[in-house]
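Chains as they are written, first to last, in UniProt numbering: chain A, 1 to 407; chain H, 1 to 407; chain G, 1 to 407; chain L, 1 to 407.
Ideal Cβ positions, reconstructed from N, Cα and C, are used throughout, including at glycine.
Before any comments, here is the structure.
4 protein chains.
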Amino acid sequence: MTSRPAKLRYGMAGGGEGAFIGAVHRIAAAMDGDWELVCGAFSSDGDRNRRSADSLRIGAGRAYASVEAMLAGENQLPPDERMEAVVIVTPNHLHKPTAVAALDAGFHVLSEKPMALDLTEALEIEAAVVRTNRLYGLAFTYSGYPMVAEARARIASGELGRIRLVEVAYIQGWLSEAIDADGHKQADWRTDPARAGLGGCLGDIGTHAFQLAEHISGLTVEAVSADLNIHVPGRRLDDDVSALLRLQGGATGVLRASQVATGVENDLTIRIFGDRGGMEWHQMEPNSLIVRWPDRPFEIVRTGGAGVGPSSTARQRVPAGHPEGYLEAFANLYRRFAQTVRSGGTTPPPIDTPEWFPGIADGIRTMTFVQAAVANHRSTEKWTQLAEVEQRARQQLAERDTQRRAP
Amino acid sequence: MTSRPAKLRYGMAGGGEGAFIGAVHRIAAAMDGDWELVCGAFSSDGDRNRRSADSLRIGAGRAYASVEAMLAGENQLPPDERMEAVVIVTPNHLHKPTAVAALDAGFHVLSEKPMALDLTEALEIEAAVVRTNRLYGLAFTYSGYPMVAEARARIASGELGRIRLVEVAYIQGWLSEAIDADGHKQADWRTDPARAGLGGCLGDIGTHAFQLAEHISGLTVEAVSADLNIHVPGRRLDDDVSALLRLQGGATGVLRASQVATGVENDLTIRIFGDRGGMEWHQMEPNSLIVRWPDRPFEIVRTGGAGVGPSSTARQRVPAGHPEGYLEAFANLYRRFAQTVRSGGTTPPPIDTPEWFPGIADGIRTMTFVQAAVANHRSTEKWTQLAEVEQRARQQLAERDTQRRAP
Amino acid sequence: MTSRPAKLRYGMAGGGEGAFIGAVHRIAAAMDGDWELVCGAFSSDGDRNRRSADSLRIGAGRAYASVEAMLAGENQLPPDERMEAVVIVTPNHLHKPTAVAALDAGFHVLSEKPMALDLTEALEIEAAVVRTNRLYGLAFTYSGYPMVAEARARIASGELGRIRLVEVAYIQGWLSEAIDADGHKQADWRTDPARAGLGGCLGDIGTHAFQLAEHISGLTVEAVSADLNIHVPGRRLDDDVSALLRLQGGATGVLRASQVATGVENDLTIRIFGDRGGMEWHQMEPNSLIVRWPDRPFEIVRTGGAGVGPSSTARQRVPAGHPEGYLEAFANLYRRFAQTVRSGGTTPPPIDTPEWFPGIADGIRTMTFVQAAVANHRSTEKWTQLAEVEQRARQQLAERDTQRRAP
Amino acid sequence: MTSRPAKLRYGMAGGGEGAFIGAVHRIAAAMDGDWELVCGAFSSDGDRNRRSADSLRIGAGRAYASVEAMLAGENQLPPDERMEAVVIVTPNHLHKPTAVAALDAGFHVLSEKPMALDLTEALEIEAAVVRTNRLYGLAFTYSGYPMVAEARARIASGELGRIRLVEVAYIQGWLSEAIDADGHKQADWRTDPARAGLGGCLGDIGTHAFQLAEHISGLTVEAVSADLNIHVPGRRLDDDVSALLRLQGGATGVLRASQVATGVENDLTIRIFGDRGGMEWHQMEPNSLIVRWPDRPFEIVRTGGAGVGPSSTARQRVPAGHPEGYLEAFANLYRRFAQTVRSGGTTPPPIDTPEWFPGIADGIRTMTFVQAAVANHRSTEKWTQLAEVEQRARQQLAERDTQRRAP
């Protein structure tokens, strides 16, 4: 541990009530203690914007009515109070104008994907980045997984030999019904060409699949042959994508993306084969990287496990075997504890409420078990009763306390 | 979103440099923005304590040399600055004295497990909680998983009928070699009876298994028949536990815990069977709950998926299919972005360094793909070259800019 | 391939209509063409015995009313017609008398497990084997799996170092309801002490688990601490077993067996850990052997895959990746073809009947696809219509035939 | 069980020494006792042909030098001795001439796939079938799996609603090196256009994938856009196939086939999605059919399990949980027993030879365990020694025998 610089102050564009990805960004920003939310233009709806700010402990003075107001207002604050970066979590059509304006106002930008509505807009952002010399980051989240970094590093080192095949598929089922026609907040703008851009499923998750394919393989896709389909009647943008790929150096491949794979949650899978081995990664089991060989048993490389390199360990927070959801499970205890204190409670809520967390009772039970197990192990009797162990300990403690209190 | 109370201010006992679980607690506390670390007695080693505080942005004035000093010092601060809770992440033998002192000094306590060295100490903590009316929480992390809550709720509702069998196993392999004899920081105190308590593996992870068994089944273990073994020569506490269980109402079961299952990371599994169905949960795939029936196909209930109840959804932050490590992957991007800004960078570090994160280049590539795929889909040509699409877009943009700049 | 000796002629004791395991034995005997069923005493019920013999193409003269009659009758036939071995697939209480009588009459014996009602009976069979110098085999089927043989061989070679832990569990759910009280043929005798023997679940599947534990580990179990339970009211023999084990050389372990794990099919799992590595095998995914190491990624060793030894390959019939059910799937086509011929059919039955198998139509379709794919690949057009390809081929063939027939 | 017709007599074209698929056909034919191999033209190499026949117990008189000789020779035998069907397991280029000749000679035909070198040849076979009114079957083995039949039946019943997506992939890695250039028997002809036909990987396994896609979905593929690649330098036929599919009724899909996916054994996977649900089947875990729903947990339908229909149960031989390789494991015991008898052995071969099978010793051990477990369960002592139990039983038996022998 070494001395740490101050937290990075950020403002948020979008991410108000009812938004999904804004909350995810805030949790991710909070996790390592390196970012601090200081302002926002959370919603174009004034009431929603204020309620959102309030719930995020942002004072009224820094809950701005628009991105423009936020950029101007923050630039009038002293440099050491002023936000330093803008996080963009709006629908796609606002990505470019917000990014360019923020960059031009002197702020760094971290943006949701896809980068913009189309390639021209993306190039305009690129021009703004060059012009302003600010930092621009893009939320291709899956490249943040330790095993994705591990896969890339191994392929870059030549472990698989010359790459021949790249198969990537990102399938979901949540748009298999016409929920966009029913005003579903997430679905509504994603299927509207004016707000989503050129591609529907293609832009929303096809871009993730594509980025991962190029990122892990280290190869550029040179040509594409694509079939974009709309399977839900009335929808205006593709909800299913199949594409043949030709990559640098003669590799070939397939990219699949679908949001109408009924019943599938979020299945992102990539397989890459070279002339000396193959690799496979599944986002739904993200801490395993399957590595195959022509001449020996295949291996499961694990986050934090034996044989992983620095790119992977730099993305890991907890030991092998713990990572999947472990921090969130832990955070659940913390959240409940804080809520209970704030609401004046001094014992955990009842065990069958959603607010319960473990406390004294769980501690006593487990220590009773430990003591009973040790006692039983030392005896030749087959069974030891836990109730007797607890009762005996309580008696001994009571006797000891009595003795202590005795004159 | 509704207005949120102030963050809960906490001090940390233990958790200095080189500690594993202290960092986990801090991340969990930060995740939802409800806790704020304000002070600590991180280490009995003065230098280490100061360095730890510094790295955590705790000023020298609140980096205390001992828990006693922290309790006294904080109580002299105004109530709205003073810490409100103590988080205990020390070795086991300090759990009880720290908890009792903190409670008696008027603070809430959130403690690592096992609760104490033995049952008597646990009862002493219980007495202090009763005496002080403060909140006490215990880090039985696994009960924070959504699917653990779901399992308990379903069993409580009678879904499995009368419970007959409970099988729980928590196995690890990290102590399969005598690393405790070599001064390994984590292993050292865990195998020392004076600092670990009555049980070795039994206290360290057997307690997790036991707590989960009682928690999910809703049944009390009444009797135990146990076999505690030391498999690594020279070790002083059990490193492997097998126990037969008899539970309330005639259910029977087995508890396994091991830290010498060579090569296993952290495999916590529980299976419970009633006369109408069965359930199975694996910590290594925590977002699936397997539910079996005598007369229809078995089901996989998923975090955030169809059919889950309020206890589970209250513990979930992201949609179905995303939870496993997704937030950490996201946080990795945030961490790198902040680091780059703080070190004065304005572009992502090189792609093959551990510090890389996605930026402009990734955005341009993915938008090129989107545009190429759409163009190809609309043509009868089989292949579309990405490089041509990008070049064309760059040319068009250059021409447009030229026209704009023309007088 | 070398010249093969004549088939081994066998008679069957038990295994008539409605029996499950008798049919399994006959399929296993037929599979490699080394056995030939020549006679039987299939049932003590005369009608059932005759019907069973008839369905198995055994003439009336060799469908014996009792085992005694079979032994006597066969011994009056010329040696080159006479059966050579008796396969015993009766309920448990008949294992010993049948085996001893068959051995004493000069026949080899292959018997279902458990060997006998109790240890004394087992020793009586042993004495008969010694006395008669005949071959006696016991159907511990799971030791016939390639990966079980592989596991044993690797452990014997010292690959895992000194063995410390053995965990074996065989759980089923089919007796979770009181079907034995309802006259279920399989359940009825298995829960009757007079016909099943000392143990219920213990004898029926606990013996499999035990045999596998000793067989794979190569270690003798020295002591047991057991808990046998009856979970279904009214049942007379244990339906659930938990046992602590102490093995040779200081290894410890646990054995679980249950027939009341509601909803579980047939889950036999074994895990063995030594001081240098660990292994895991699951009967429900029998062609994978998981091998774990302290210092490198874990491996999946596969039947027929790289790195397997001679004990395993000697038990393998098809290449890696095919074995699971592949031969049965193949046999399904054969069975349907033969049935169709025998019932006078000259085309496969309709596709949505259970009797369907692939024929001409499937061939034409797939060759159309091949031809269309090749044609499309050679063209710059994006799509090729299969119907046009088929139509064109039919026309060309018709024209060719016309030309040929032309004078 | 009902009276069974006589076995179907067959001759084999191809399948001599060193061939893989011929042996598979013979096992599949033997399994249910419905077929009998009576003759063959196993190889065009006379010596190999004779050795093969000898090893299959076919007399010299019916080991024919050519298919033509076999057809002619058999037709001179009395009808009740003569073969009734020809099984074709030659390389692809002989499929058509053999099938047409056999049909024209009056025999039924069961042929390996692909049906022929190209579509024209396939149509010629079709014409011969029509002309001769004989039965023709094609070894699309995967359609013989119970869960494939179940999937088709469920989709046909409308369970998934209107089908939208079909994804099928059959990948292998065995041709990832240039083993065809080294004279590998299986690889050699498969990569030779003259003997393999139009497609390499496309014909060999792409046809399986295609047949399965149409068979399970019940939909006709109408158009294809294909990319066939050769990844191993010098190879003459495609070793990797990617194809976009358009199916009847607006469904779309992708077909992948590869033989250069380094390290992959035999991974055939199909996923089909309709507007009401989705299904997924993996050949490497063939007894599970995954069924997904938009509004409830997904289900695992199992061979022989609850909820399966008649098409599936008609293809099943053993109870749920047993099928994968179980019959082969059983057959391994049978094979070893027969070999031991034929080689004059009266005890199982030593346990660490590949020829070992379980016998008396295994029986005694397991009965000792049963007796010890029961004894321990009835006692309050924690441990029971197995050696003492065995010794006591041996003593008692010895005493009993002594008493019996006493005058």
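### Query
How is the alpha helix (DSSP H) around threonine 313/A delimited, first residue to last?
Run containing threonine 313/A: 310–313, per the alpha helix (DSSP H) assignment.
### Message
Taking the beta strand (DSSP E) that glutamate 167/L belongs to, which residues open and close that run?
### Response
163–171
#### Entry: C-alpha gap between alanine 72/H and leucine 117/H, whole angstroms
25 Å
### Query
Any chance the region 268–277 of chain H sits against the region 273–282 of chain A, with 3 or more Cβ pairs inside 8 Å?
no
### Message
Taking DSSP's pairing of strands, which residues face arginine 246/L in a bridge?
### Response
Ala223/L and Thr252/L
### Query
At a Cβ threshold of 9 Å, is proline 286/H touching chain L?
no
### Task
For the alpha helix (DSSP H) containing threonine 269/G, list its first residue and its last residue.
Run containing threonine 269/G: none in the alpha helix (DSSP H); it sits in the beta strand (DSSP E), 267–274.
### Query
Mind pulling the alpha helix (DSSP H) runs of 4 or more residues that sit fully within the region 8–87 of chain G?
21–31, 46–55 and 67–75
### Task
Return the Cβ separation of valine 89/A and glycine 14/A in integer angstroms, given the expectation that the two are a contact with Cβ distance under 8 Å.
4 Å
### Query
Any idea what DSSP makes of methionine 1/H, helix, strand or coil?
Legend: pLDDT at methionine 1/H = 43, less than 50; position of this residue unreliable, no value from coordinates given.
#### Entry: Neighbour flag for glutamate 167/G against chain L, beta carbons, 9 Å
It does not; no Cβ of chain L falls within 9 Å.
#### Entry: Stretch-stretch touch, CB-based, cutoff 8 Å, three pairs: the region 289–309 of chain H with the region 295–306 of chain L
yes
### Message
With a threshold of 9 Å between beta-carbons, can serine 225/A be considered close to chain G, or not?
### Response
yes
#### Entry: Beta-carbon neighbours of valine 254/L, restricted to chain A and to distances below 7 Å
Ser242, Val254 and Arg256
### Task
Give the straight-line distance between the Cα atoms of glycine 218/G and isoleucine 155/G, rounded to the nearest whole angstrom.
8 Å
### Message
Residues of chain L with CB closer than 9 Å to the CB of valine 86/G, please, in chain order.
### Response
Within chain L, no residue comes near valine 86/G; the closest Cβ sits about 12 Å away, beyond 9 Å.
### Query
Using the beta-carbon of each residue, which ones in chain A are nearer than 7 Å to threonine 380/L?
Glu381 and Lys382, listed in chain order.
### Message
For aspartate 180/G and alanine 223/G, what's the separation of their Cα atoms in angstroms?
### Response
Straight-line Cα distance between these residues: approximately 32 Å.
### Query
Per DSSP, which one or two residues make a beta bridge with tryptophan 281/A?
Ile270/A and Leu289/A
### Task
State yes or no: is the beta carbon of tyrosine 64/H nearer than 9 Å to at least one beta carbon in chain A?
no
### Bridge partners - serine 143/G, DSSP secondary structure assignment
Paired residues: none, contrary to the question.
### Query
When burial is assigned at 16 or more other CB atoms within 10 Å of the CB, is arginine 400/H buried or exposed?
With fewer than 16 other Cβ atoms within 10 Å, it is exposed.
### Task
Taking only beta carbons into account, state which residues of the region 296–321 of chain G come closer than 8 Å to chain A, listed in chain order.
Shown in chain order are the members of the region 296–321 of chain G whose Cβ falls below 8 Å from a Cβ of chain A: Arg296, Pro297, Phe298, Glu299, Ile300, Val301, Arg302, Gly305, Ala306 and Gly307.
### Query
So what's residue 412/H in DSSP terms, helix, strand or just coil?
Because chain H here runs from 1 to 407, residue 412/H falls outside it and cannot be looked at.
### Query
Would you say glutamate 177/L reaches chain A, if we count a Cβ-Cβ gap shorter than 9 Å as a contact?
yes
### Query
If you draw a straight line from the C-alpha of histidine 208/G to the C-alpha of aspartate 240/H, how long is it?
25 Å
### Query
Beta carbon of leucine 175/H, beta carbon of glycine 199/H: below 9 Å?
no
### Query
If arginine 365/A sits next to glutamate 214/H, beta carbons under 8 Å apart, how far is it from one beta carbon to the other, in whole angstroms?
6 Å
#### Entry: Pick from Leu202/G, Ala151/G and Leu245/G that is closest to glutamine 385/L, judged by C-alpha positions
Leu245/G
### Query
Among residues of its own chain, excluding the 5 on either side of methionine 1/A, which ones have a beta-carbon nearer than 6 Å to its beta-carbon?
Low confidence applies here, because methionine 1/A scores a pLDDT of 44, under 50, leaving its location unreliable and the question unanswered by this model.
### Query
Any beta-carbon of chain L closer than 9 Å to the one on methionine 1/H?
The pLDDT assigned to methionine 1/H is 43, lower than 50, so where the model puts this residue is not dependable; a value taken from the coordinates is nonetheless given after this. By this cut-off, methionine 1/H is not an interface position.
### Query
Is the number of C-beta pairs between the region 20–30 of chain H and the region 26–38 of chain A that are closer than 8 Å three or more?
As far as the Cβ criterion goes, the region 20–30 of chain H touches the region 26–38 of chain A, which means the pair count is three or higher.
#### Entry: Buried or exposed (CB count within 10 angstroms, at least 16 for buried), glutamine 391/H
exposed
### Task
State the Cα-Cα distance for the pair arginine 51/A and alanine 19/A, rounded to the nearest angstrom.
13 Å
### Message
By DSSP's criteria, leucine 385/H is part of a beta bridge. Which residues make up the other side?
### Response
With the sequence shown as reference, residue 385/H is identified as glutamine, and leucine is not the correct amino acid for it. Partner(s): Ala223/A.
### Query
By how many angstroms is the C-alpha of proline 358/G removed from the C-alpha of alanine 196/G?
45 Å
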